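S.K.: The opening position of the sequence shown corresponds to residue -16 in the working numbering, with each subsequent residue numbered one higher.
Mind having a look at this structure? Questions to follow.
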Amino acid sequence: MNIQTILLLTVLVIAFFTDLKYKTIPNWLTLPAILAGLILGGILPDSGGLGSSFIGLLLGFVPFFIVYLAGGMGAGDVKLMGAIGAMMGYPFILGAILYTAIIGGIISVAAMIWHRTLWSSLKHIFWAGIGLLPGFEKGQIKREHNIHVPYGVAISLGTIGALLMTGNW
C-alpha cells in the first residue's frame, strides 16, 4: 500500500464519521488533502504525475460542484471528491465517481423509504424533470423532500469500492 492510498483511507474514514455525526465534511480535512494529493502526484514516481492528479481533481470537483449549485449536495462533498481525484488521479476518479453514484443512490432511496417520502419524491422529480413545473426552483421543493443524506458516507464507501475493484491497495 503506497502513501497516497494510506492518506486517502485516512481522509475517507474521517469524512465518513464527521459527515455522520456532524453532517459536514470540514475544510481542515479536504483542503490539505487536495494540496497533498497534488504535491504527491507531482513528486512520487509511482503516481500518475501532477497532470493525472490535476485532471483527477477537476473530474472529481466539477461535476459535483454543478450538483452543489443545484442544491443537491454540500460543499464538503464537492471538496472531498476533488481531494480523492487529486490524491489518486485519473483514471481512478472515474471509478470512484461511478461507485459513489451507485452507493449514493441506494442510500438516498433507503432514506426516502425510511422517511416514507419515496413515492411523493419520485412524482415530484418526474413532474419537475419533464418541465411541467414552470419556474421550478430549489426553494419550491416541499419540506418533505429535503431529507439529509450523508453523501460523505457514499463517497467514502464508493471510493473504497473503487480501491477494491482496481487493486490499488
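For each residue, glycine too, the CB sits at the ideal point set by N, CA and C.
All values reported here derive from a predicted model rather than from experimental measurement.
CA-CA distance, isoleucine 90 and valine 132?
M.R.: One-based indexing of the sequence shown puts residue 90 at position 107. One-based indexing of the sequence shown puts residue 132 at position 149. Going from the Cα of isoleucine 90 to the Cα of valine 132 covers about 7 Å.
S.K.: Which residue marks the beginning of the alpha helix (DSSP H) containing isoleucine 180, and which one marks its end?
M.R.: With the chain covering only -16 through 152, there is no way to say anything about residue 180.
S.K.: To the nearest angstrom, report how far apart leucine 33 and glycine 24 are at their CA atoms.
M.R.: Position 50 of the sequence shown, counting from 1, holds the residue named residue 33. Position 41 of the sequence shown, counting from 1, holds the residue named residue 24. About 5 Å.
S.K.: Any heavy atom of the ligand GDP closer than 7 Å to the Cβ of leucine 63?
M.R.: Absence of the ligand GDP is noted for the structure shown, with no ligands found whatsoever.
S.K.: Just checking my contact of threonine 149 with alanine 66 at CB under 8 Å: how many whole Å lie between their CB atoms?
M.R.: As a first step, residue 149 must be located in the sequence shown, where it is residue number 166. As a first step, residue 66 must be located in the sequence shown, where it is residue number 83. 18 Å between Cβ atoms; not a contact.
S.K.: Please list the terminal residues of the continuous alpha helix (DSSP H) segment that includes tryptophan 152.
M.R.: Locating residue 152 in the sequence shown gives position 169, counting from the first residue. Element bounds for tryptophan 152: n/a, residue is neither H nor E.
S.K.: What is the DSSP secondary structure of threonine 7, counted as helix, strand or coil?
M.R.: As a position in the sequence shown, residue 7 is number 24, starting the count at 1. The answer is coil: DSSP assigns threonine 7 none of H, G, I, E or B.
S.K.: In three-state DSSP terms, what is aspartate 29?
M.R.: For this step, residue 29 is matched to residue 46 along the sequence shown. Three-state result, aspartate 29: coil.
S.K.: Exposed or buried, what is glycine 39 when buried is set at 16 or more other beta-carbons lying within 10 Å of its beta-carbon?
M.R.: In the sequence shown, counting from the first residue as 1, residue 39 sits at position 56. Under this definition glycine 39 is a buried residue.
S.K.: For the pair the segment -5 to 14 and the segment 43 to 60, tell me if three or more CB-CB distances fall below 8 Å.
M.R.: Yes, the segment -5 to 14 touches the segment 43 to 60.
S.K.: Report the rounded CA-to-CA distance for alanine 84 versus glycine 20, giving the unit in angstroms.
M.R.: On the sequence shown, residue 84 is found 101 positions in, with the first residue counted as 1. On the sequence shown, residue 20 is found 37 positions in, with the first residue counted as 1. Whole-angstrom Cα-Cα distance: 22 Å.
S.K.: Looking at lysine 62: is its Cβ nearer than 8 Å to the Cβ of isoleucine 17?
M.R.: What you label residue 62 is simply residue 79 of the sequence shown in a count that begins at 1. What you label residue 17 is simply residue 34 of the sequence shown in a count that begins at 1. Yes. Within cutoff.
S.K.: Could you tell me the distance, in whole angstroms, from the CA atom of leucine 81 to the CA atom of tryptophan 102?
M.R.: Within the sequence shown, residue 81 is the residue found at index 98, counting from 1. Within the sequence shown, residue 102 is the residue found at index 119, counting from 1. Roughly 25 Å between the two C-alpha positions.
S.K.: So glycine 72 and glycine 31 are in contact, right, with Cβ under 8 Å, and what is the actual spacing, rounded?
M.R.: Sequence index remark: in the sequence shown, residue 72 carries index 89 (1-based). Sequence index remark: in the sequence shown, residue 31 carries index 48 (1-based). Rounded, the Cβ-Cβ distance is 4 Å, consistent with contact.
S.K.: Which runs of the beta strand (DSSP E) spanning at least 3 residues fall entirely within the segment 15 to 72, listed in chain order?
M.R.: Counting only runs of 3 or more, we get nothing.
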